[in-house]
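Contents: one structure, followed by commentary.
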Amino acid sequence: QETYIPLVSKGFQHQFWQAVKQGADQAAKDYKVRVTFEGPETEAMVDKQIDMLSAALAKKPAALGFAALDSKAAIPLLKKAQAAKIPVVAFDSGVDSDIPVTTATTDNKAAAALAADKMAELIGKSGEVALVVHDQTSRTGIDRRDGFLDRMKSTYPNIKIVSVQYGGGDQLKSTEIAKSILQASPNLKGMFGANEGSAIGVVNAAKETKRKIVIVGYDSGKQQKDAIKDGTMAGAITQNPVGIGYKTVEAAVKALKGETLPKVIDTGFYWYDKSNIADPKIAAVLYD
Amino acid sequence: MADHTAATPSTTTASPTGIAARLFRPATRQKLLAFASLLVLMIFFSFASSNFMQTDNMVAILQATAVNGVLAIACTFVIVTGGIDLSVGTMMTFCAVMAGVVLTYWGLPLPLGIVASIFFGALCGFTSGVLIAKLKVPPFIATLGMMMLLKGLSLVISGTKPIYFNDTPGFTYISQESLIGELIPALPIPNAVLILFNVAIVASIVLNKSVLGRYTFALGSNEEAVRLSGVNVDFWKIVVYSVSGAICGIAGLLIASRLNSAQPALGQGYELDAIAAVVIGGTSLSGGTGTIIGTIIGAFIMSVLTNGLRIMSVAQEWQTVVTGVIIILAVYMDILRRRKQ
Amino acid sequence: MADHTAATPSTTTASPTGIAARLFRPATRQKLLAFASLLVLMIFFSFASSNFMQTDNMVAILQATAVNGVLAIACTFVIVTGGIDLSVGTMMTFCAVMAGVVLTYWGLPLPLGIVASIFFGALCGFTSGVLIAKLKVPPFIATLGMMMLLKGLSLVISGTKPIYFNDTPGFTYISQESLIGELIPALPIPNAVLILFNVAIVASIVLNKSVLGRYTFALGSNEEAVRLSGVNVDFWKIVVYSVSGAICGIAGLLIASRLNSAQPALGQGYELDAIAAVVIGGTSLSGGTGTIIGTIIGAFIMSVLTNGLRIMSVAQEWQTVVTGVIIILAVYMDILRRRKQ
Amino acid sequence: MNPIVVIRNLSKSFPGVRALDRAQFELLPGEVHALMGENGAGKSTLMKVLAGVYRKDEGEILVDGQAVDVESPRAAQALGIGIVHQELNLMNHLSAAQNIFIGREPRGRFGMFLDEPALNAKAETIFQRLRLQLDPRTLVGDLTVAKQQMVEIAKALSFDSRVLIMDEPTAALNNAEIEELFRVVRQLRGEGVGVVYISHKMDELRQIADRVTIMRDGQYIATVPMATTPMASIISMMVGRELSQEVPDIPDTSGNPIVLTVRGLKRGVAIKDVAFTLRKGEILGFAGLMGAGRTEVARAVFGADAIDAGEIEVHGKRVTIRSPQDAVGHGIGYLSEDRKHFGLATGLDVETNVVLSSLQRFTNAGMFLDQAAIEKTAKDYVRQLSIKTPSVQQLVRLLSGGNQQKIVIAKWLLRDCDILFFDEPTRGIDVGAKSEIYKLLHALAAQGKAIVMISSELPEVLRMSHRILVMCEGRVTGELKASEATQEKIMHLATLRESATLAALAA
Ligand SMILES: Nc1ncnc2c1ncn2[C@@H]1O[C@H](COP(=O)(O)OP(=O)(O)OP(=O)(O)O)[C@@H](O)[C@H]1O
Ligand SMILES: Nc1ncnc2c1ncn2[C@@H]1O[C@H](COP(=O)(O)OP(=O)(O)OP(=O)(O)O)[C@@H](O)[C@H]1O
Ligand SMILES: [Mg+2]
Ligand SMILES: [Mg+2]
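Protein chains in written order, with the working numbering: chain A, 100 to 387; chain B, 5 to 345; chain C, 5 to 345; chain D, 4 to 510.
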């Protein structure tokens, strides 16, 4: 009887989630367990995720990985898992509950704050900055936006945030949004793209409008790496999505063996730019 | 163009008495056959995975159908008139948010929240109805505009944050608890499902036995003829959209209670699922025909499919492919069945 | 009897010659008035923000319209027949992915990639057409199924990863570079826009001057009458869907070239924007009427609106609200204009 | 006696058309008042204004001497004005009874729910009054055009109106039904109802009308008593000139080559083993009662409906016809009895409809349309058939019923088929145009075309056919030579039911 561990994630199509999946698959190979990975189309579809969670539970898994879109909404099902003695490992962002045995996560707020510091440094701590964020209501969207904005407000009084707009992570929409922001703010000095699609959108917009601004991105992917290499993008924050996926499955396996786990497994985040992109430690957490 | 083969539910033919006689009438056999696709799917999944045909999973499927089912019922009314409603998803969310405002922001008692949700649904439906009937804006555009308007308003009103119902203790009861389960512990069917079936029964009665239902079919069949018969077409159209809106309000309560929160960003995209359920259920988008039972079957086909593929652990990208193919096949089977008739 | 026809006002339409005379004909005035909503919007935004009415921004609006405009043209054909195509968005993506397979995976030369994209679009359209014409699956369901099928296939084929076109140097030229800008540096209109207008012109000619176009209208007006006139209705319907699919293939090239990659997850939701542009442009969803110029105006109304609100830095939730209201208003204005006629 | 309705100086224009030009009309209680005029004279428009469908531009309408504003169909109903429209206005997805009482459903509990049994019973009463065999629960979409027409009439009767307008109510009816209708109309007249009766069938008007108002080009011409005015003078008032009534001589076509042979044609219960032949240059009349299956036969041969069995030979060669396209390919054309649903794309313009089945002929390089040629051809037919339209770019929907019919005819004339099925070709067509169409049919036959003419008007069948085939209940019950055919003989064959035929065959 093979050990089955389903991972119910926040998304599935985006490269970030594909990288998480890749890590989970790697761990599955290493620990000889079977994993599946799925997530709803958009991070707004809280109820769809809950349906996925209940289908996952119906399969009588050994353990469960779960990245909650809205942690409160999932509690009844998590209680069910607890009652059935299925250990739950939270990943990506935490669940407001003590049910999960551990949480493998990135501190998105702190990561975005780091992005803000880098941005401030690169534009000389004053001037206009704008944000293209992927989502207005999802946890990651809110955390990255607020992490960035809060740091700017608290530490860099001369930096003015002129616009925050949301493109759903869609590259084309994000491009159009970034272009409009550039058009509306002729003195804009920098722009932060809060996930891969948003960051690429900002890069595209800068290219198309031939404007020189400081671009700070988030996550990785081939286009972002290229943009950093050719200087269009100053740098970006990367999490360790592969690590998140790997650690989640690993933690689940350990929990099944009855090992004790730390409350939080911080998978970390890194700033990368032209200077350290080739660094093996960084390269290991970047995905194409 | 008139669709000569389509059967209206409202004209069940001469009723022989006796339940047995009724069950074996061709018309009834016809209706039972409509379950065929659903049964085929369920049988297939039972063989494909032993985890499928289990109480828990059946309950999960029922639960998963509740919201889409109620939305699909709302759509059925509009579609039978020959219209379309793209706003059902975001309208549901808007109603949930309004319930949140009443219950959580204002701290009013639960019944008021329920009334508010249904009232705001009816109000939104009323507005769409006025746009369509009085200003002659095509339903597609009126409800598309409504969809965006309500999506925006939900975000504005909620401050782009979910509104939680933690301070309204009975709220989760609406959807999550199980009245049936309390009586028959072996059947923990959540209240959401009970509500779905109640809405379906009431909607079915309204559609088949009430004046409103009659005009709903008549409008979809030949609006001009209805107008020339001296009926106040505009009024009835507005009523239909309002009723549909009120039903969306119920869906709003269901989803809010299920998630114990009003999620302001949710809802867009749900209209396609609802309309798909209606059309899979044999209702024609050109209006004049349609049954609530068909719609419910359509909604179940969709959720059984989704659930079954997940239980089989089919890769998600393939799930999408298979769902697309099965939806087409289910409708094609239904067409073949009707053609034979 | 012949003298009686002479007495009727059949002489009023004798066409006056001369371009000036033509410009002042009521029919032409009518067409010009269709631009009214667009102009009102543009004037409003020019006053609201000095950054709006600038060459750069105008070029940006043009470019932002290209993809949706081409998709809307594809939809126009189908909608004029009285059908609907929900698969245009994911079909576009699928075509982009297929171009990626041909160019990046197989390393074949650029023209083959272009041909592949258009070919696979036509093939998908052909499949929808067969489902609709031969198997009589309603267009809504056939194309909904197609939408999901293609979405899944795009993910499967691409391995849920974007396919980049870095190894095909000329690829970005299709959409991003500016042929016009090379000739007239003051007008850096990207090629995507040039392609949009070319597609529009060809589509307009096909719709108004070709046999296919005439049958497209006739099918939308009364399919049964066309069939009983001895026309091979199924054949022409399949042709219409194939043409529409081929145009989606062009959209696929445009978006892939713009993003220098085929993004397999993108595309869903684009169909609503495209259909909205068509309907805002005055084409009726019940078929039989429609113009390409109307569709293009509709697409521009949508992108001017989006762009203008962004330039004004309106909060995004309010952008959605305003967009909803304006779409309804634009269509209502159009209705008023026609009613006066 | 005071008139119930007086209309004075009523004008109404549509874009490009002045449909009514200071028209007048007067209706007394207890009279049947015929309204006559050529196609497009404005009869329907005048009545639609009275029934609240259109708003008048100018002029006045008096009901019981009071000036009224009939602003909606509902207002007309309140004034006691009921109307049977020329075009069917039914909801196909609803049952006959539901159609009749739409907007006035008997309510059951709480005034919200419907009382279906009461509804059906009330409908049944009206059907009985019309002596109509029809289950009130049948879906209207499943009825033949004739039955649908009867439902429309039943609906108008259900209002108990003081003014009853009937716009060509008998266009789709057979003699027996017309008789029933007339009986009811006479009864209503006796009760003091004023009936406005529009028809192009002169013999009917003779039977039923008391007075006639004649219109031409939207204008009032005259009101005359029916009984004492010779038909010829009414006609000349209508068309504004004398109309010659030449009686064509019937050529002997029995030696001509056979162009179409149908054998063993079967389709469900509607067509039971039908066989016939059609010769070059021949007009073969199809007579029979409503629902005899004539339309079904024509549609089956044309490939519009699938058949269960049957052989078809064209010019002596076996052919398989699976679709109208095949049929047209073999030179067979079919002009449907239901122009609105099966004949015309009413949302498109005149020229497109005229060229619809011959579009391939008007192309350059097989793709692009030769617009000039299309327009010229359409104009030719508009002239040839005297189609009344402001231009060939007018939408067909906006033309009067008769003119629409002529466009369907033009379409098939242009297609130039060897074998033509004309199903009720003169339905709703005025006398002048009718004789034009008769001439045309004869001319076509003389050119060597083979024509099947289905008609429910016996005089027309008798006058036109070279040979007459009679059908009853899906079977051919007999064949008559033109010379030996009489109304009585046809009626006899048309009512030969199955058992009787078997007996006749055995004998
Ligand atoms: N809604 C409309 N829009 C434009 N023109 C119209 C409209 N309705 C009628 N007409 C035109 O008005 C004129 C009168 O039409 P009407 O239908 O009253 O004729 P009619 O006398 O009833 O003819 P028929 O015997 O063929 O039924 C015709 O030229 C017709 O084309
Ligand atoms: N759409 C339909 N649905 C069901 N039955 C039909 C339909 N059309 C015709 N029928 C039935 O088929 C039979 C033949 O009808 P058909 O219309 O061919 O008669 P017809 O001789 O042409 O008479 P008419 O004078 O009405 O044109 C009748 O029994 C009729 O009731
Ligand atoms: Mg008329
Ligand atoms: Mg007939």
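Where a beta carbon is used, it is the ideal one built from N, C-alpha and C, also for glycine. The structure displayed is predicted, hence computed values, not measured ones.
For D:ILE286, count neighbouring C-beta atoms within 10 Å of its own C-beta (all shown protein chains included) and say buried if the count is 16 or more, exposed if not. buried
Any beta carbon from chain B within less than 9 Å of A:SER262's own beta carbon? no
Have a look at C:VAL74 and B:GLY328 and give me their C-alpha separation to the nearest angstrom. 24 Å
Which residues in chain B have a C-beta closer than 8 Å to the C-beta of D:GLU108? List them in chain order. VAL215, ARG218
For ligand 3, is there any heavy atom lying closer than 8 Å to the beta carbon of D:ILE217? no
Taking 8 Å as the cut-off, does the stretch 260-274 of chain A touch the stretch 223-238 of chain A (at least 3 CB pairs, one atom from each stretch)? Verdict: yes, contact present.
If you draw a straight line from the C-alpha of D:CYS420 to the C-alpha of B:LEU216, how long is it? 50 Å
Any Cβ of chain E within less than 9 Å of the Cβ of B:LEU270? Note that chain E does not occur in the displayed structure, where the protein chains are A, B, C and D.
With a threshold of 8 Å on Cβ separation, who are the neighbours of C:LEU308 within its own chain once the five nearest residues in sequence on each side are excluded? Residue 308 of chain C is actually Val in this sequence, not Leu. Within the same chain, C:VAL308 has close Cβ partners LEU42, LEU45, MET46, PHE49, ILE65.
Does C:TYR177 get closer than 9 Å to chain B when you measure Cβ to Cβ? no
Any heavy atom of ligand 1 within a distance shorter than 8 Å of the CB on D:GLY431? Yes, ligand 1 has a heavy atom inside 8 Å of this Cβ.
Measuring alpha carbon to alpha carbon, tell me which residue in D:ILE274, D:PRO6, D:GLY43, D:VAL9 is nearest D:ARG400. Nearest C-alpha to D:ARG400: D:GLY43.
Just to confirm the assignment, what range does the beta strand (DSSP E) spanning D:HIS36 have? Where D:HIS36 is concerned, the enclosing beta strand (DSSP E) stretches over 35-39.
Pop quiz: B:GLY291 and B:THR147 are said to be a contact at Cβ under 8 Å. What is the actual Cβ separation, rounded to whole angstroms? Not really, about 15 Å apart at Cβ, beyond 8 Å.
I'd like to confirm the pairing. Which residues does DSSP put opposite D:PRO518 in its beta bridges? Residue 518 of chain D falls outside the range modelled here, since chain D spans only 4 to 510, and no answer is possible.
Buried or exposed (CB count within 10 angstroms, at least 16 for buried), D:GLU463: buried
Alpha carbon to alpha carbon, what distance is there between C:VAL101 and C:ASP171? The alpha-carbon atoms of C:ASP171 and C:VAL101 are separated by roughly 15 Å.
Since B:MET316 meets chain C, which of its residues come closer than 8 Å, beta carbon to beta carbon? Neighbours of B:MET316 on chain C: none; closest Cβ ~15 Å, over 8 Å.
Own chain residues within Cβ distance below 8 Å of A:THR308, not counting five before or after: LYS278, LEU281, GLN282
Any idea if B:ALA11 is buried or exposed, counting beta-carbon neighbours within 10 angstroms, 16 or more meaning buried? Confidence at B:ALA11 is low in this model, with a pLDDT of 40, below 50, so the placement of that residue should be treated as unreliable; the coordinate-derived value is given next. Buried, because 16 or more other Cβ atoms sit within 10 Å of the Cβ of B:ALA11.
Cβ of D:HIS203 within 8 Å of any heavy atom in ligand 1? yes
Run the CB neighbour count on A:ASP197, radius 10 Å, all protein chains shown included, and call it buried at 16 or more, exposed below. exposed
For ligand 1, is there any heavy atom lying closer than 8 Å to the beta carbon of B:PHE130? no
Would you say the beta carbon of D:VAL395 comes nearer than 8 Å to a heavy atom of ligand 1? no
My guess is that B:ILE254 and B:ILE122 are in contact by the Cβ rule of under 8 Å, so how many angstroms apart are they, rounded? 6 Å
Hey, C:VAL237 and C:LEU223 are a contact pair by Cβ (cut 8 Å); roughly how many whole angstroms apart? 7 Å
What residues of chain D sit near C:ARG231, judged by a beta carbon separation below 7 Å? PRO327
Does any heavy atom of ligand 3 sit closer than 8 Å to the C-beta of D:GLN513? Given a span of 4 to 510 for chain D in the structure shown, any question on residue 513 of chain D remains unanswerable.
Measuring only between beta-carbons, confirm whether B:PHE81 sits less than 9 Å from chain D. no
With distance defined between alpha-carbon atoms, name the residue in C:ILE118, C:THR295, C:LEU270 nearest to C:VAL282. C:THR295
Of all the CB atoms in chain B, is at least one closer than 9 Å to the CB of C:TYR168? Not one chain B Cβ lies under 9 Å of C:TYR168.
Considering only heavy atoms of ligand 3, does any lie closer than 8 Å to the CB of D:GLY221? no
For B:PHE274 and D:MET293, I'd like the C-alpha separation in whole angstroms. Sequence check: residue 274 of chain B is Tyr here, not Phe. Going from the Cα of B:TYR274 to the Cα of D:MET293 covers about 50 Å.
Is the beta carbon of A:TYR386 less than 9 Å from the beta carbon of A:GLY320? yes
Which residues in the same chain have their Cβ closer than 7 Å to the Cβ of D:LYS343, if we skip the five residues on either side of it in sequence? GLU90, THR349
Which residues of chain D have a Cβ atom closer than 7 Å to the Cβ of C:PHE144, listed in chain order? Per Cβ cutoff of 7 Å: no residues; C:PHE144 is ~19 Å from chain D at best.
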